[in-house]
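Chains as they are written, first to last, in this note's numbering: chain A, 21 to 243; chain B, 34 to 234; chain C, 4 to 583.
Even for Gly, the Cβ is constructed at its ideal location relative to N, Cα and C.
Here the structure is a predicted model, which means the values were calculated and not measured.
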Amino acid sequence: MGVEDLNLPGYEIPSAMKGNIAITTLDRIYNWCRQNSVWPMMFGLACCAFEMICSAASRFDFSRFGMEVMRPSPRQADLMLVSGTVTKKMIPQIVRLYNQMSEPKYVLAMGSCACGGGPFKEGYSVVSGVDKFIPVDVYVPGCPPTPQALLHGFAVLRKKIENESIRTVRWYRKEAVPEIPIPVLGPDLMDPRRYAEIKAYAAEKAQQREQEAAGSLNEGGQA
Amino acid sequence: MTGLAILRGLWITLKRLIMTYVEDFKGGKNRYYTSEGIEARRDYRVRGAITIQYPEEKLPVPERFRYVPFLVYDETPDGERKLRCTSCGICARVCPPQCIWIVRGTDANTGKPIPTPLAFYIDVDVCMNCGMCAEFCPFDSIKMDHDYEIATYDRFAHHIFDLEKLAKSAAYYAKIRPTDYAAEEAVRREKAAKAAQKTEA
Amino acid sequence: MTQQVLAKQVQEVFARFSDGVVEDQRVGYQGYIVAPEHLLDFARALRDECGYDYLTTVTGVDYLADGKMEVVYHAFKTLGGPALEFKVQTNRQNPIVPSLALIYPSAELQEREIWDLFGIRFEGHPDLRRILLWEGFYGHPLRKDWKEPYFEEVAKPFKSRFPDGKVYRAEDKHPLKDNIDFPEGFDPAKWEAEGDAALYKALTNIPGADEPGIKTEQIILNFGPQHPSTHGVFRMAVLLDGETIVNLKHVLGYLHRNHEKIGERNTYIQNMPFTDRLDYITSMSNNFGYAVAVEKLMGIQPPERAEYLRVMMAEFTRVISHLMSIGFLLNDLGAFFTPMMYALEEREMILDVFEAVSGSRMMCNYFRFGGVAHDVPDYIFDKIKGLVFERLPRRVDEIDAYLTKNEIIRARCEGVGVLTPEQAIALGVSGPLLRGSGVPYDIRRAEPYSIYDRLDFDVVFTEHGDVYDRYLVRLEEIRQSIRILQQVVKQMPEGPIQIGKSTYQVKVPPGEAYGRVEAPKGELGFYLVSDGKPNPYRYHVRSPSFVNLGALAPMSIGSKVADAVVNLGSIDIVLGEVDR
Ligand code: SF4
Ligand code: SF4
Ligand code: SF4
């Protein structure tokens, strides 16, 4: 987006000053700046990470969109590119990294794995979509999404940023955005917010087993 | 000497830069935003930068390219859409992550299955774009799409494709996969001719 | 093949263990069943007297119906030749098998994996912890009676998909609305996470540490799983004395995707696209390995043209993989991303070929049993010719000219991460890592498959076993691959690309097979057990990266912490394959 696009319609700018001056709203200029300097976090999880690297490499080169600086540190990144399969062993780290990112922050789920589990969803140690734990802004399905599909995902993200307003964005609200509690690795992955549910489930399971055992005993007795 | 190594390293990059301009100069106007320009930049002879300026220009995908599947329908002369799918279920059976769901219709009167699916779903959050469904469909009905620009804001609303979203016209199919389409049509014509012969005889 | 022709020494050894070692009589099975009490002596005799010094694969099988578990070993001679397979059986209630980790160090990691996934305990193992899952995970998932939260049916295809396919997301059917399950009566509030206690205990447990002398304070440094130099989600914990590495343990499983459990539910053909996602840089080679294993079981041979196409694709992936590996190595040395960019540029060119041939850049899913899926379109054949005769040779020379003599590379790589040939063989490493240590072992020559016995190429090896030598081996192997490619392109025969008609229902007779190929990273093996059903009963992937990682600690202990990164880079791992 050049300066011309920033200009609000309805204002005549003298032709001598075209390209140098734009009359616009604060929101627009704020979003315009952010839109064109989204720094992604260098964060590869699986196969999709390679398509992400390819998008950064010479042929697709996402630095054309002001994204060239892939930051290894979450503190300096605006965009978390979850590129690949999210496993139960990895999700605590992902949540921790997300918490460490400073606002404004965005999450792009790349690939069907990050979106909703992917081909390995049925497995026992795969999280069914990273949005089970952290909020996702843009989903790019595909296995793997080609670099151009990912670039399209960035375009979609930029559109989202474009439509935000300083008045409503969460990072300028009074109330603090709560941190996401980091999941714990127990016998299986445990979300600290759901302990009561898990306990109830396990208790019910135990009960069921007891009933079954009792039932089979009875049957045995009858026979 | 370490300094020399650094200079040599810088020289490679500089050479690339110069070559880019040389090639731009040679290619002239056609170098960017034209399909020949793109082809020239993906050719094995290219020496300079190979960047494709997506989204202004797009790297064309080859015919066999596969993204998510779609269902082909033929249009009858009076504009009616006729799905090729006969709900035989082979694609659902062969799909490795089992992300295809098909509801086969049954005739209310006879109770016999009717050869059109009542519903057809593909969960693109599970689909691995492997192309197995297209490879083994006996009716040339399910094919792999070329449209990769399907990023969304909400996966719960959009990521389970249903019949409406999956159905695309045979003309579209012919456009993205001309060779496959031509080959299949040839086979079809041959079969039709044979069948006609038989009925005549 | 029950009547193997065996060398004299081997016969003698067998005679000595007459009662403890019997031939495996099951239909379709090979090898020998060793009684657990004789295992250690038998293995030692095999290694020392018979020359089977190279144990590459150890895996488990759960025979639920027989109430038995089995550990399967494949040992090879580094001089070449087929495997000697032996097995140990144990009961399912309390499975214990003596550990071979001290005789064949290559077994150490793989036995940990078996403990993790099958719950077979290895007596005498130096460090038996879970490896892919975490300490405290409930159950051992590869046991046949263990079911995951989303369990639907024992085998695909699932009945709920057709003809009455009411679409649903797997989580919607689970009471907890997620992919989780807990043992009965479990209370999360009482759970005390073990965390890394066991890891640190193993890390600080160093023999000889109690000896008198000056004690310095040692620190533990954690590295990964999110770090730009870990090549994915890999973590290592290092015990440091100043800057010197005293001990190193790697932590895996951050990308454990249950490949094998899913593979045992899939039909044979359904596994093909899943193998793409093992080592995701080299999907064609993975396809190759799996196709070779299944074809061995089925007893079929692809037609000539298909063989050539297969070799062509596999060698292209080798070029890609080695280029990437060199690029990443330089990344780790601090040449941030520029060499990588040049490597990726060549990769893009080759990926164009893959995309045109198979339909996808990375996940090719190109091989079928008894052939390949598609023929090469004509227009891309010109590009292939241009690549193998012009562009790639020139680019390799360029890399050679700029990097090989570079002072920084030599200063950082020479003499670093040395692995002696003895160590390399004992650790079971393969690929450039093994050949860099002076062992000229290449499966394409040692146990030729496909048409490699007809092709002209050299097995590259160097003598010093350091990081620099591994770099040299990779560079030279690219040249050899190009040489193979040139021959293949020139000799490409015409003909069918598939025997018979490609079908989604393949008939696989009962039995077992171990098929292996020389993937770019080393020996990629698939161990399959078939019970005649459409799905494999056991599907095991012996991945080169996983076993090669065992060399990281021996290479790095005693060196500086900065070199650990370079050592890791020189092993060239891909996490999809390590964790599976
Ligand atoms: S979506 Fe596909 S390519 Fe991406 S990480 Fe998952 S399996 Fe790999
Ligand atoms: S295989 Fe083809 S015809 Fe059969 S159900 Fe699938 S799409 Fe329809
Ligand atoms: S492309 Fe593969 S995963 Fe996707 S629907 Fe077809 S068979 Fe299933």
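Neighbouring residues, chain B, relative to residue i (Cβ below 8 Å)
i                      : result
residue 352 of chain C : 75, 77
Contact check, residue i vs residue j, beta carbons under 9 Å
i                      : j                      : result
residue 502 of chain C : residue 374 of chain C : yes
residue 237 of chain C : residue 531 of chain C : no
residue 85 of chain B  : residue 91 of chain B  : yes
residue 550 of chain C : residue 113 of chain C : yes
residue 242 of chain C : residue 255 of chain C : no
residue 106 of chain A : residue 65 of chain A  : yes
residue 67 of chain A  : residue 366 of chain C : yes
residue 165 of chain B : residue 128 of chain B : yes
residue 70 of chain A  : residue 576 of chain C : no
Where residue i falls: helix, strand or coil (DSSP)
i                      : result
residue 46 of chain B  : helix
residue 7 of chain C   : Since pLDDT at residue 7 of chain C reaches only 49, below the 50 mark, its modelled position is unreliable, and the value read off the structure follows with that caveat. If DSSP states are grouped into helix, strand and coil, residue 7 of chain C belongs with coil.
residue 40 of chain A  : coil
residue 518 of chain C : strand
residue 134 of chain B : strand
residue 64 of chain A  : strand
residue 242 of chain A : With a pLDDT of 47 at residue 242 of chain A, under the threshold of 50, the modelled position of that residue is not reliable, and the figure given next carries that caveat. The answer is helix: DSSP assigns residue 242 of chain A an H, G or I state.
residue 126 of chain A : strand
residue 460 of chain C : coil
residue 495 of chain C : coil
residue 72 of chain A  : helix
Contacts of residue i in chain A (Cβ-Cβ under 7 Å)
i                     : result
residue 56 of chain B : Within 7 Å Cβ-Cβ: nothing; residue 56 of chain B doesn't reach chain A, min ~14 Å.
Within chain B, the residues that residue i reaches when beta carbons sit closer than 9 Å
i                      : result
residue 130 of chain C : Here the premise fails: no neighbours, minimum Cβ distance about 35 Å.
Test: residue i CB closer than 9 Å to a CB of chain C
i                      : result
residue 177 of chain B : yes
residue 145 of chain A : yes
residue 154 of chain B : yes
residue 35 of chain A  : no
residue 99 of chain B  : yes
residue 50 of chain A  : no
residue 70 of chain A  : yes
residue 209 of chain B : no
Residue i - containing beta strand (DSSP E), residue span
i                      : result
residue 253 of chain C : 247-254
residue 225 of chain C : 222-226
residue 103 of chain A : 99-103
residue 298 of chain B : Absent from the structure is residue 298 of chain B, since the part of chain B shown begins at 34 and ends at 234.
residue 125 of chain C : 124-126
Cβ of residue i within 9 Å of any chain A Cβ
i                      : result
residue 163 of chain B : yes
residue 78 of chain C  : no
residue 182 of chain C : yes
residue 5 of chain C   : Because residue 5 of chain C carries a pLDDT of 36, less than 50, the predicted location of this residue cannot be relied on, and the following value inherits that uncertainty. Not an interface residue.
residue 578 of chain C : yes
Residue i: first and last residue of the uninterrupted alpha helix (DSSP H) it sits in
i                      : result
residue 88 of chain C  : Run containing residue 88 of chain C: none in the alpha helix (DSSP H); it sits in the beta strand (DSSP E), 87-94.
residue 119 of chain C : 110-121
residue 583 of chain C : No alpha helix (DSSP H) holds residue 583 of chain C; DSSP gives it neither H nor E.
residue 78 of chain C  : No alpha helix (DSSP H) holds residue 78 of chain C; the beta strand (DSSP E) holding it covers 71-79.
Chain C contact residues for residue i, given Cβ-Cβ distances below 8 Å
i                      : result
residue 103 of chain B : In chain order: nothing, as chain C lies at least about 14 Å away.
residue 135 of chain B : 164, 165, 166, 168
Closer than 9 Å to chain B by CB, residue i
i                      : result
residue 58 of chain A  : no
residue 185 of chain A : no
residue 102 of chain A : no
residue 157 of chain A : yes
residue 309 of chain C : no
residue 82 of chain C  : no
residue 279 of chain C : yes
Interface residues of chain C facing residue i [CB-CB closer than 9 Å]
i                     : result
residue 83 of chain B : 348, 351, 352
Chain A residues whose Cβ lies nearer than 8 Å to that of residue i
i                      : result
residue 159 of chain B : 132, 136, 137, 138, 139, 141
Residues that residue i contacts on chain B, provided the C-beta gap is smaller than 7 Å
i                      : result
residue 173 of chain A : 184
residue 79 of chain A  : 83, 84, 85
residue 227 of chain C : Simply none; closest approach about 27 Å.
residue 168 of chain A : 87, 91, 92, 181
* Asked: Between the stretch 118-138 of chain A and chain D, which residues of the former have CB atoms less than 7 Å from a CB of the latter, in chain order?
  -> No chain D is part of this structure, whose protein chains are labelled A, B and C.
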